[in-house]
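Have a look at the structure below, then the notes.
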DNA sequence: AATCAATTGTTACAACCACAACCAATATCA
DNA sequence: TGATATTGGTTGTGGTTGTAACAATTGATT
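In structure tokens:
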């Protein structure tokens, strides 16, 4: 439909035409139409905007937000369970948990059944901040959907569902 | 529609029920249904799979692949232009360019018009590798679309287009 | 019971990244 | 022209991340 490879900065002198040497084989690839690239860019744009909110509101990093969100949703879990549900690496979880614990937003309770693990849960302070952030998150998502339009948002969700269903977990 | 918050690992003893204390206000947020999270996960899954390919084929990092792809598409550009078209930070471009130059995949030519900039272009060796990677990229995208199904892929593209159109560039 | 394998979580280390500082060159404007 | 601001690109630094190694505990096998 549209062009999509224009340069809206307008500063440079010569606009680069898409006409390199093109050796022998099948030619170029339009990066800005390449699905993995587009997905990445879209995710980054949305995530950055949302990250600004919880960083401004609570000074959280992304891993901290995810741990908070997971604990807020499920109540009490171990670190590995958090990692599984939020798709984060062990060490990321470990450090985010430590950080939230330092803020007294969560508490560790040794498990009586398995002495390797600790049960993690939000403190009242943590839950209060979680509740505030949930409101912000809901508002953000609603605003995003409104911006995209219900129709486009629904299609986006369909596409994401397909990826989730057909591709396994990220690893 | 569907549940989406189940745990297919099945290893743990007690499955966490979604029933934390729920203070006073409106309750929890299902992270795995939250649009920014879903977008991020989907992008990461796809990117990781594709990254495995060009890392195995050519030992490239993601910034290096993007610089290669951009130069391959546009022929000759400056570092700033590469950054603008591939949405990468200055320093990332600088170091990726240096790395590709060390492999003799690209050449620098001082610009006669502006002695601050250097015109960057792929060497024959670089273009050859680019051509190979373009084939891999096309195959990957085709396989991805086939996996998702044409229908779902089209909806995904619509959603991404909406994000690109309605949301500005990542910063 | 004793050994070996697997799991949980933390930490050391190296790679990577963005921010800021910086140099060189150009543009702006008095 | 001369002073100042702006731009292109590189480098140093602090912070973040993943890999690997590790201690502690549990499970499996005999």
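Protein chains in written order, with our numbering: chain D, 1 to 171; chain L, 172 to 342.
Beta carbons are placed, not taken as given, at the ideal position from N, Cα and C, and that holds for glycine.
Simplified DSSP assignment, three categories, for residue 121(D):
Looking at residue 121(D) - three-state DSSP - the assignment turns out to be strand.
Are the beta-carbon atoms belonging to residue 128(D) and residue 202(L) less than 7 Å from one another?
no
Assuming residue 39(D) and residue 213(L) are in contact, meaning their beta carbons sit under 8 Å apart, how far apart are those beta carbons, in whole angstroms?
6 Å
Report the three-state DSSP secondary structure of residue 157(D) (helix, strand or coil).
Three-state result, residue 157(D): helix.
Please confirm if residue 228(L) has its CB atom under 7 Å from at least one CB of chain D.
So no, residue 228(L) is outside the interface.
Any idea which residues DSSP pairs residue 281(L) with across the strands?
Paired residue(s): 289(L).
As a quick exercise: from 340(L), 198(L), 281(L), pick the residue whose alpha carbon is nearest that of residue 70(D).
Comparing Cα positions, the closest option is 198(L).
Confirm, please, whether the CB-CB distance from residue 312(L) to residue 35(D) is below 7 Å.
yes
For the putative contact between residue 200(L) and residue 87(D), defined by C-beta atoms under 8 Å, what is the C-beta separation to the nearest angstrom?
Separation of the CB atoms of residue 200(L) and residue 87(D) is rounded to 16 Å, and the pair is thereby denied contact status at 8 Å.
C-alpha distance - residue 324(L) paired with residue 255(L), whole-angstrom precision
27 Å
Tell me whether residue 59(D) is buried or exposed, calling it buried when 16 or more other Cβ atoms sit within 10 Å of its Cβ.
Residue 59(D) is exposed by the Cβ-count criterion.
Is the Cβ-Cβ distance between residue 297(L) and residue 277(L) less than 7 Å?
yes
Taking 7 Å as the CB-CB cut-off, is residue 344(L) touching chain D?
What is shown of chain L runs 172 to 342, which leaves residue 344(L) out entirely.
Can you tell me whether DSSP reads residue 180(D) as helix, strand or coil?
Coverage of chain D is limited to positions 1 through 171, which leaves residue 180(D) absent and any answer about it impossible.
Any C-beta of chain D within less than 9 Å: which residues of the stretch 258–270 of chain L qualify?
258
Please report the straight-line C-alpha distance between residue 169(D) and residue 260(L), rounded to a whole angstrom.
29 Å
Roughly how many angstroms separate the alpha carbons of residue 330(L) and residue 81(D), rounded to a whole number?
31 Å
C-beta contact flag for residue 216(L) and residue 167(D) at 7 Å
yes
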